[in-house]
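Notes to accompany the following structure.
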């Protein structure tokens with residue numbers, strides 16, 4: 122495809138733990154892709170949305186800024202059936218553009234082997250399958266999306282982009298657990314996740330700061346969504362992150378516990394809980410949902426907490442506390458005050474009270490928010506005031522666009538795309 126100036130239509134399939142997002146972009150691979158572009162359309166199935174009907178999941182469509190309901194899928198269906206149903210809804214709609222030129226898939230866990238975007242083969246598919254045990258909420262869903270898309274769209278290029286790839290340059294001491302040395306040799310190490318999001322936030326944040334391609338730029342990035350993790354970057358690459366061997370590690374999340382004392386797990390196993398029950402408990406019944414007993418969604422819990430619901434207040438309080446501790450840990454790994462603190466993804470972009478609480482803890486370092494900027498808008502922007510010792514940014518999560526960029530770069534390189 123080198124030298125080809127014809128536009129490519131690339132579908133990005135982002136099958137997450139709580140949502141399924143499918144977007145269509147039109148790009149010319151040789152053009153600059155530094156500035157984000159809006160998709161021709163985006164279809165979204167969000168299993169965590171608070172306004173869902175009791176027995177079905179709504180599929181919404183945004184095309185050219187106009188939102189509509191594309192259809193619905195029964196809640197009592199496995200992930201593969203949901204993905205097939207959603208893609209079927211789109212392929213039946215002739216206004217959505219027909220067959221794409223390529224499909225790019227987000228894959229959460231790539232282990233040590235997959236350090237950059239790769240074209241899907243049977244071998245790559247088998248490798249993703251082997252890593253399902255390391256990311257049980259994600260890799261099986263990612264793999265289902267790949268298989269269904271290959272079935273529906275046929276013989277076109279399918280590309281996988283891995284969340285773990287961004288963290289492959291972490292120093293070994295940051296990637297190593299304090300267990301037996303043999304652990305690392307067996308692949309039991311800290312991998313880190315949300316790399317597709319972090320890569321975009323680091324690059325676009327640098328552009329907003331006027332320091333693009335600056336090897337000395339130090340950032341702390343907070344990806345706060347259904348899953349939450351933090352990352353310290355220097356020169357656009359990860360040097361530390363809060364998630365580890367699996368996406369279960371780190372700060373508290375919507376339904377995931379984040380880091381807990383391993384002794385608790387030993388205790389629960391001795392008390393008779395089996396490993397499947399423990400996995401379910403930590404991945405799907407903990408975090409904000411487990412703490413509140415109400416919901417894992419901050420859009421539900423923050424208003425309840427503000428109106429005095431004690432369970433919601435505790436859940437949000439724990440979330441804020443773990444977030445502050447996580448940021449402090451990233452500062453320690455960096456060894457200096459960062460040039461900017463960046464918030465991204467659903468909670469990071471839309472919860473000003475969470476951002477304010479996080480920054481307030483570092484007021485002793487001179488970090489100050491502009492209250493009006495923090496409360497207003499949803500665009501990429503700076504929210505720190507002029508007197509702040511460091512800058513604070515909100516950068517919209519553009520995982521789908523970053524996926525398309527990596528896909529186009531791969532397919533536009535004749536050596537890598539073979």
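In the numbering used here, the protein residues as written are 122 to 539. C-beta: ideal position from N, C-alpha, C; glycine also.
Check the DSSP bridge columns for residue i and list the partner residues they point to.
{"i": "residue 358", "result": "355"}
{"i": "residue 491", "result": "Beta-bridge pairing links residue 491 to no other residue."}
{"i": "residue 343", "result": "351 and 464"}
{"i": "residue 135", "result": "142"}
{"i": "residue 226", "result": "134 and 281"}
{"i": "residue 515", "result": "464 and 502"}
{"i": "residue 234", "result": "The partner list for residue 234 (beta bridge, DSSP) is empty, contrary to what the question assumes."}
{"i": "residue 129", "result": "148"}
{"i": "residue 239", "result": "281"}
Going by CA-CA distance only, name the one from the options that's closest to residue i.
{"i": "residue 505", "options": "469, 465, 461 and 135", "result": "461"}
{"i": "residue 311", "options": "328, 293, 325 and 303", "result": "293"}
{"i": "residue 551", "options": "363, 195, 431 and 143", "result": "In the structure as shown, the chain begins at 122 and stops at 539. Residue 551 is therefore absent and cannot be evaluated."}
{"i": "residue 128", "options": "491, 145 and 479", "result": "145"}
{"i": "residue 497", "options": "315, 476 and 379", "result": "476"}
{"i": "residue 243", "options": "355, 274, 232 and 279", "result": "279"}
{"i": "residue 410", "options": "463, 354, 196 and 348", "result": "348"}
{"i": "residue 501", "options": "314, 518 and 422", "result": "518"}
{"i": "residue 299", "options": "329, 434, 524 and 365", "result": "365"}
{"i": "residue 527", "options": "435, 240 and 433", "result": "240"}
{"i": "residue 479", "options": "325, 513 and 324", "result": "513"}
{"i": "residue 191", "options": "162, 198, 219 and 197", "result": "162"}
{"i": "residue 187", "options": "195, 202, 196 and 164", "result": "164"}
Would you grab the beta carbon distance between residue i and residue j for me? Rounded to a whole angstrom, and I think it's under 8 Å.
{"i": "residue 361", "j": "residue 451", "result": "6 Å"}
{"i": "residue 134", "j": "residue 226", "result": "5 Å"}
{"i": "residue 583", "j": "residue 258", "result": "Shown here, the chain extends from 122 to 539; a query on residue 583 therefore has no answer."}
{"i": "residue 140", "j": "residue 179", "result": "Actually they are not in contact, since the Cβ atoms of residue 140 and residue 179 sit about 12 Å apart, beyond 8 Å."}
{"i": "residue 376", "j": "residue 408", "result": "5 Å"}
{"i": "residue 228", "j": "residue 263", "result": "5 Å"}
{"i": "residue 94", "j": "residue 265", "result": "Outside the shown range of the chain (122 to 539) lies residue 94, about which nothing can therefore be said."}
{"i": "residue 521", "j": "residue 261", "result": "Rounded, the Cβ-Cβ distance is 21 Å, inconsistent with contact."}
Should the region 149-158 be called in touch with the region 283-291, which here means at least 3 C-beta pairs below 8 Å?
No, they do not touch.
Cβ contact (3+ pairs, closer than 8 Å) linking the region 313-327 and the region 423-442
No, the region 313-327 is not in contact with the region 423-442.
Check whether the region 398-412 touches the region 363-376, counting contact only when three or more Cβ pairs, one atom from each stretch, lie closer than 8 Å.
The region 398-412, when compared against the region 363-376, does touch it at the 8 Å Cβ threshold.
So within the region 152-214, which uninterrupted beta strand (DSSP E) runs reach at least 3 residues, ignoring any that extend past its ends?
Every unbroken stretch of the beta strand (DSSP E) spanning 3 or more residues and falling wholly within the region 152-214 is given here in chain order: 162-167, 177-184 and 187-195.
Taking contact to mean at least 3 C-beta pairs separated by less than 8 Å, is the region 468-475 in contact with the region 342-356?
Because the criterion of three Cβ pairs below 8 Å is met, the region 468-475 and the region 342-356 touch.
Runs of beta strand (DSSP E) lying entirely within the region 243-301, each at least 3 residues, in chain order:
Within the region 243-301, the beta strand (DSSP E) runs of at least 3 residues that lie entirely inside it are, in chain order, 279-283.
Runs of alpha helix (DSSP H) wholly within the region 358-391 (minimum 4 residues, chain order):
Taking only runs of at least 4 residues, the alpha helix (DSSP H) segments lying wholly in the region 358-391 are 383-391.
Enumerate, from N- to C-terminal direction, the unbroken alpha helix (DSSP H) stretches of 4 or more residues contained entirely within the region 404-449.
The DSSP assignment places complete alpha helix (DSSP H) segments of no fewer than 4 residues inside the region 404-449 at 408-413 and 419-427, in order along the chain.
Quick one: any contact between the region 261-276 and the region 195-211, if contact means 3 or more CB pairs under 8 Å?
Using a C-beta cut-off of 8 Å, the region 261-276 makes contact with the region 195-211, since at least three inter-stretch Cβ pairs fall below that distance.
Do the region 506-515 and the region 477-490 touch if we need at least three Cβ pairs shorter than 8 Å?
At 8 Å Cβ cutoff, the stretches touch.
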